[in-house]
């Protein structure tokens with residue numbers, strides 16, 4: 018045995034450990050303080066590092082959500098100094114509130130109408146701009162541009178474009194002997210709101226779908242082409258099935274936005290005519306910040322939160338189903 | 034496990050004994066430092082300049098100009114306020130003014146929320162209908178506590194109805210504007226109408242002559258009459274229909290502050306508007322979808338030949354149409370009734386917190402006196418056709434120098450009827466406007482609709 022290994026291989030004399038157990042002080046010497054501190058750091062440091070983010074999320078998301086939930090069980094009114102707990106009264110009132118039910122129906126109409134159009138148009142644009150066309154970057158940027166604009170600006174702009182008698186659209190249509198009242202009937206006003214939202218959000222939908230398209234292996238299309246598949250068959254059997262996760266994510270994000278939407282209805286129609294185009298978001302805003310019924314408005318907000326939660330769970334379940 | 038914990042604790046203790054600060058010590062120190070720094074953010078104003086915080090309406094677009102000392106950023110019709118503040122600053126070097134802004138329809142709510150949090154602005158501009166809840170909640174000061182010999186000079190109706198709560202004056206009135214019938218002089222002349230309509234029948238006759246399809250689309254684009262009735266311009270439709278109801282001897286509120294909409298006068302007015310829309314076809318459909326202040330463009334584009342307008346909008350309208358192109362007259366009435374008007378009263382209030390600090394209270398009172406002074410009223414007249422809230426100002430030659438300005442000043446001073454205090458005013462307004470929309474636009478029966486909406490409003494009062 019080489020001398021260098023002798024020591025390593027050498028066993029302590031029998032009974033040495035029992036004869037001379039390490040004393041506490043000897044142990045500290047054997048495991049120095051630095052190592053112990055490292056152990057402590059390893060336990061504490063990760064928590065310290067995530068603490069700012071956790072605190073921020075707690076302060077900006079969890080705490081307000083819990084606060085709104087608690088508020089929804091009170092009759093808090095900004096124009097009164099006394100606030101009392103009212104149990105489930107706000108929720109009971111909400112269930113029988115004709116305007117709230119109408120707002121719920123309007124939200125569903127808005128969600129379905131805008132979502133369908135945004136996804137179809139977004140998919141079409143993504144397919145077109147995924148091809149190596151000239152000025153592709155320019156076209157992609159142009160399509161996304163409305164999404165970069167503030168919703169209030171978009172709403173005001175479209176309002177002025179569409180306003181009867183003095184708007185540019187009716188001015189141009191007058192040449193054809195046509196005049197359309199975009200805001201006068203509830204159906205027309207709702208359609209106008211959906212179109213404004215589609216104009217704004219189609220670029221966002223396109224970006225999401227485009228990201229999904231670029232994740233599809235090109236060799237699949239090549240193989241399909243060799244097998245004689247045309248554009249539509251490739252779309253049906255390759256593109257769409259592989260885009261399902263992306264489309265579901267887009268659906269979740271756009272649905273949550275539609276349910277929470279306040280700005281477009283507020284600016285474009287103000288909920289009119291006759292409060293016929295109010296969505297849940299606008300209804301919540303009016304109750305809370307126009308009528309100052311913070312307690313009742315909070316109950317509406319909790320209902321919106323629940324709807325978003327249910328939609329998200331449904332979509333996530335369908336996502337895992339589609340993966341199976 | 035327990036031994037390990039004890040061991041770690043012992044190790045920390047040893048670290049401190051050895052003079053090494055633990056992590057906890059460091060965190061404690063940082064927290065203490067943070068608290069100490071935080072406590073320095075509101076220094077006591079025992080000496081030196083007094084700082085006053087003003088909450089102004091965002092749409093005035095005057096705060097940025099004041100901060101930058103640049104009047105070119107301020108719309109011309111708000112220059113009266115800019116010049117008043119600059120004059121005040123020049124005369125009171127020991128008072129520093131800071132500004133924050135809020136959208137006009139949430140300014141009161143912003144003030145309430147800040148008051149509830151214990152940190153309200155010292156001075157706030159508010160609409161007269163918000164004075165009562167602010168005073169009842171104890172958020173604003175009783176201005177009567179300050180020695181002032183000039184209250185008698187103010188328009189007493191304005192002081193009593195718009196600026197007082199429970200006999201205490203809570204707002205310094207500045208100037209007034211009123212609503213009336215605006216009209217396009219050229220269009221009336223073309224239609225052979227020599228003077229603005231005085232009765233509703235006159236207006237309907239004139240409206241039929243003025244409503245035209247000049248583009249040949251089969252739908253008129255020039256309308257005989259317009260009035261804000263839109264949900265998108267709450268609460269203006271209430272303010273604008275209120276004089277029509279009052280002219281008939283009706284009221285929009287009872288003595289307990291309950292808003293009214295199911296009254297004979299409301300029914301008559303709702304029917305009149307519905308008839309103008311469906312039977313006579315003279316009411317501009319945009320009336321039901323427009324936003325506040327769209328009148329400027331609707332008159333400018335000749336979409337409205339006549340319409341109810343607040344005279345605060347005259348500067349931009351006259352800018353578009355010229356002084357010879359636009360006229361302003363009292364509301365039409367039913368025969369035998371006197372025309373009434375709605376007067377918008379601009380008032381400024383002092384927070385009760387500021388009133389408790391003697392130095393702040395003295396400074397804020399100086400500013401309020403300046404804002405309510407005759408000098409300020411004359412500036413408001415110059416820049417915004419502002420009608421005076423004081424008798425002495427009404428005698429100033431400036432109101433005789435311009436016939437329209439003089440007419441507006443006298444008309445407003447005499448017919449001044451501020452918006453009354455109504456419980457749950459926003460909900461009341463929205464509910465009444467919804468009723469008008471349903472009646473005018475969807476031809477829902479007048480009586481049933483108003484009754485249903487009144488019930489819905491009252492349910493919220495309980």
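Residue numbers (the numbering used here), protein chains in the order written: chain A, 18 to 341; chain B, 34 to 495. For each residue, glycine too, the CB sits at the ideal point set by N, CA and C. If you're wondering where the values come from, they're calculated on a predicted model, not measured in any experiment.
C-beta atoms of residue i and residue j nearer than 8 Å
i	j	result
residue 306 of chain B	residue 319 of chain B	no
residue 191 of chain A	residue 248 of chain B	yes
residue 171 of chain A	residue 213 of chain A	yes
residue 135 of chain B	residue 88 of chain B	yes
residue 315 of chain B	residue 258 of chain B	yes
residue 473 of chain B	residue 268 of chain B	no
residue 276 of chain A	residue 207 of chain A	no
residue 215 of chain B	residue 340 of chain B	yes
residue 421 of chain B	residue 208 of chain B	yes
residue 265 of chain B	residue 287 of chain A	yes
residue 159 of chain B	residue 140 of chain B	yes
residue 358 of chain B	residue 217 of chain B	yes
residue 494 of chain B	residue 299 of chain B	no
residue 28 of chain B	residue 239 of chain B	For residue 28 of chain B there is no data in the structure shown, the boundaries of chain B being 34 and 495.
residue 259 of chain A	residue 332 of chain A	no
residue 148 of chain B	residue 380 of chain B	no
Limits of the alpha helix (DSSP H) - the one that residue i falls within
i	result
residue 270 of chain B	269-280
residue 204 of chain B	No alpha helix (DSSP H) holds residue 204 of chain B; DSSP gives it neither H nor E.
residue 354 of chain B	347-354
residue 188 of chain A	185-190
residue 271 of chain A	257-277
residue 401 of chain B	391-404
residue 117 of chain A	115-146
residue 107 of chain A	106-112
Chain A residues whose Cβ lies nearer than 7 Å to that of residue i
i	result
residue 476 of chain B	Going along chain A, no residue has its Cβ under 7 Å from residue 476 of chain B, so there is no contact; the nearest lies around 12 Å.
residue 139 of chain B	306
residue 460 of chain B	308
Within chain A, partners of residue i - CB distance below 8 Å
i	result
residue 471 of chain B	291
residue 237 of chain B	Within 8 Å Cβ-Cβ: nothing; residue 237 of chain B doesn't reach chain A, min ~21 Å.
Three-state secondary structure (DSSP) of residue i
i	result
residue 491 of chain B	helix
residue 499 of chain B	In the structure as shown, chain B starts at 34 and stops at 495, and residue 499 of chain B therefore has no counterpart that could be examined.
residue 45 of chain A	For residue 45 of chain A, the predicted structure reports a pLDDT of 46, less than 50, and the residue's modelled location is therefore unreliable. A value from the coordinates is still provided. Correct three-state label for residue 45 of chain A: helix.
residue 341 of chain B	strand
residue 65 of chain B	Confidence at residue 65 of chain B is low in this model, with a pLDDT of 44, below 50, so its placement is unreliable and no value can be given for it.
residue 452 of chain B	coil
residue 59 of chain B	With a pLDDT of only 44 at residue 59 of chain B, under the threshold of 50, the placement of this residue in the model should not be trusted; the figure read from the coordinates follows. Helix.
residue 314 of chain B	coil
residue 110 of chain B	helix
residue 100 of chain A	coil
residue 421 of chain B	strand
residue 556 of chain B	As displayed, chain B neither begins before 34 nor continues past 495, which places residue 556 of chain B out of reach and without an answer.
residue 121 of chain B	helix
residue 207 of chain A	helix
Chain A residues whose Cβ lies nearer than 9 Å to that of residue i
i	result
residue 336 of chain B	181, 182, 183
residue 436 of chain B	What residue 436 of chain B touches in chain A: nothing, since even the nearest Cβ is about 30 Å away.
residue 349 of chain B	Those within 9 Å of residue 349 of chain B in chain A number zero; the least Cβ separation is about 15 Å.
Element boundaries [beta strand (DSSP E), containing residue i]
i	result
residue 169 of chain B	Unbroken run through residue 169 of chain B is the alpha helix (DSSP H), 164-169; no beta strand (DSSP E).
residue 195 of chain B	Where residue 195 of chain B is concerned, there is no enclosing beta strand (DSSP E), given that its DSSP letter is neither H nor E.
residue 134 of chain B	128-135
residue 477 of chain B	Looking at the DSSP string, residue 477 of chain B is not in any beta strand (DSSP E), and its letter there is neither H nor E.
residue 158 of chain B	156-160
residue 196 of chain A	Note, residue 196 of chain A: premise wrong, no beta strand (DSSP E); not H, not E.
residue 256 of chain B	From DSSP, residue 256 of chain B is part of no beta strand (DSSP E); its letter is neither H nor E.
Partner residues on chain B for residue i, Cβ-Cβ distance less than 8 Å
i	result
residue 201 of chain A	318, 321, 322, 474
residue 7 of chain A	Nothing about residue 7 of chain A can be reported from this structure: the residues present for chain A run from 18 to 341 only.
Below-8 Å beta-carbon distance, residue i vs any chain D residue
i	result
residue 144 of chain B	No chain D is part of this structure, whose protein chains are labelled A and B.
Integer Cβ distance of residue i from residue j, believed to fall under 8 Å
i	j	result
residue 426 of chain B	residue 407 of chain B	5 Å
residue 95 of chain A	residue 189 of chain B	Contact doesn't hold; Cβ gap of about 31 Å is too wide.
residue 279 of chain B	residue 450 of chain B	6 Å
Interface partners of residue i on chain B, CB under 7 Å
i	result
residue 198 of chain A	318
residue 191 of chain A	248, 250
residue 209 of chain A	In chain order: nothing, as chain B lies at least about 10 Å away.
residue 286 of chain A	265
Closer than 7 Å: residue i CB and nearest the ligand PLP heavy atom
i	result
residue 495 of chain B	By its list of ligands, the structure shown contains no ligand whatsoever, and the ligand PLP lies outside what it can speak to.
Contact set between residue i and chain B, taken where Cβ atoms lie within less than 9 Å
i	result
residue 281 of chain A	Near residue 281 of chain A there are no residues of chain B at all, since even the closest Cβ is about 13 Å away, more than 9 Å.
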